[in-house]
Amino acid sequence: MKKPYIISFANSKGGVAKTTSCIAVGCALALAGYKTLLVDLDHQGNLSDDVGRGDEDYTITDLFEDPKFDTNKLVYTALDGESAIPNLDVIPADITLAVEARSAERFRHRLSILDEGLARLKTVYDFILIDLRPAIDLSIENALLITDKIVVPVDMDRRAVKGIDDLFQVVREVKRNNDFVYTLVKTKVNESHSKMKKAIDGYISEAGYKVANTEIRQSELFKQATEVHRPVMMFARNERPYRDYKAFTQELLQQIEEAASGKK
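Numbering (full-length UniProt numbering), first residue to last: 1 to 264.
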């Protein structure tokens with residue numbers, strides 16, 4: 001496996017547990033001993049807030065404002081409340097990111113700003129996980145160009161599923177290649193809504209998407225964790241969300257290992 005292995009979390013529809021999934025997988029990797037960096041590329045900064053870094057002096061915006069900025073200054077230890085999460089760091093975002101990403105269009109090497117910035121980091125990471133905003137801009141293009149695998153969280157809503165093709169069209173245009181690696185993961189799964197779930201499952205199957213075997217089941221613990229700005233993996237240790245995301249992370253690791261060894 002290459003290091004760092006870069007995974008971007010994306011969906012053109014909001015509210016599908018994209019940010020939650022990015023943080024949860026990051027925590028699961030960190031708990032498993034992998035040195036992991038979260039990068040918040042959504043100007044709303046929800047990821048930053050949920051790991052205790054929503055109000056820092058330096059953010060990813062500084063890099064798009066000045067591509068030569070020392071990215072080591074952008075890295076903070078991720079927090080669970082006031083406690084550091086071992087093996088997990090974060091580069092936070094702020095509300096001005098969208099504006100600076102547009103302004104960065106003036107730079108000659110604008111599509112490699114993120115790549116070159118991450119290359120300057122002194123810490124060697126096993127994984128870098130990037131939370132992408134739904135709308136495309138220069139920062140998202142930067143991320144997609146260096147992404148090894150895209151994770152697409154999809155909730156049990158037909159609008160989220162129909163938005164997958166839109167997302168993939170953007171990915172093809174940015175990467176200029178139809179050959180990209182992705183995994184869909186179903187979120188907010190409620191077995192009691194069997195008719196809706198069956199319809200969504202049918203649509204996904206008919207489209208031929210690659211879907212994770214692990215499903216993230218609905219739980220009130222997600223809402224409770226968000227309300228107190230704590231990662232659900234730390235807030236609900238050994239509960240359903242923890243077990244589901246731990247299993248999904250193990251599945252991702254297996255996919256990556258099999259791809260590296262040439263298995264299908």
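Here a beta-carbon is modelled for each residue, glycine too, at the ideal position from N, C-alpha and C.
Item: Outcome for Val232 when other beta-carbon atoms lying within 10 angstroms are tallied against a minimum of 16; Value: buried
Item: Secondary structure, alpha helix (DSSP H): runs of 4+ residues fully inside the stretch 114-162; Value: 138-146
Item: Inter-stretch contact (C-beta, 8 angstroms, three-pair minimum) for the stretch 7-21 and the stretch 183-191; Value: yes
Item: Given Glu141 as reference, the closest of Ala101, Lys198, Phe127 once Cα atoms are compared; Value: Ala101
Item: Closest by C-alpha distance to Val171, when choosing among Leu144, Phe127, Leu97; Value: Leu144
Item: Contact the stretch 45-62 vs the stretch 196-210: 3+ CB pairs below 8 angstroms; Value: no
Item: Same chain only: Cβ atoms within 7 angstroms of Gly26, ignoring 5 sequence neighbours per side; Value: Thr36, Leu38, Leu88, Leu129
Item: Complete alpha helix (DSSP H) runs within the stretch 21-101 (minimum length 4 residues, chain order); Value: 46-50, 60-65
Item: CA-to-CA distance, His109 to residue 319, given in whole angstroms; Value: The question about residue 319 has no answer, for the chain in this structure spans 1 to 264.
Item: Spatial distance of Arg166 from Lys210 (CA atoms); Value: As written in the sequence, residue 166 is Asp, which differs from the Arg given in the question. The alpha-carbon atoms of Asp166 and Lys210 are separated by roughly 16 angstroms.
Item: Cβ pair Leu74, Ile60 closer than 8 angstroms; Value: yes
Item: Cβ pair Arg217, Val189 closer than 8 angstroms; Value: yes
Item: Selected residue, minimal CA-CA separation from Arg13, among Arg243, Glu251, Arg158, Asn177; Value: Contrary to the premise, residue 13 reads as Lys rather than Arg in this sequence. It is Arg158 whose Cα lies nearest to the Cα of Lys13.
Item: Exposed unless 16 or more other CB atoms sit within 10 angstroms - verdict on Met1; Value: exposed
Item: Proximity below 8 angstroms, CB of residue 265 to CB of Val124; Value: With the chain running from 1 to 264 in the structure shown, residue 265 is simply not present.
Item: Boundaries of the beta strand (DSSP E) in which Ile200 is found, first to last residue; Value: Unbroken run through Ile200 is the alpha helix (DSSP H), 194-207; no beta strand (DSSP E).
Item: Arg243 to Tyr203 span [Cα, whole Å]; Value: 27 angstroms
Item: Proximity below 8 angstroms, CB of Lys3 to CB of Asn72; Value: no
Item: Coarse secondary structure for Ser12, derived from DSSP in three states; Value: coil
Item: Start and end residues, beta strand (DSSP E) containing Lys186; Value: 182-187
Item: C-alpha gap between His229 and Gly81, whole angstroms; Value: 8 angstroms
Item: Val211 - containing alpha helix (DSSP H), residue span; Value: No alpha helix (DSSP H) contains Val211, which DSSP labels as neither H nor E.
Item: Beta carbon of Phe64 nearer than 8 angstroms to that of Ser139; Value: yes
Item: Proximity of Tyr5 and Ile256 at Cβ, strictly below 8 angstroms; Value: yes
Item: Unbroken alpha helix (DSSP H) run spanning Met234, endpoints; Value: 232-235
Item: Integer Cβ distance of Ala104 from Ile95, believed to fall under 8 angstroms; Value: Contact doesn't hold; Cβ gap of about 16 angstroms is too wide.
Item: Proximal residues to Glu56 (C-beta, below 7 angstroms), its chain only, five neighbours per side dropped; Value: Tyr76, Pro92
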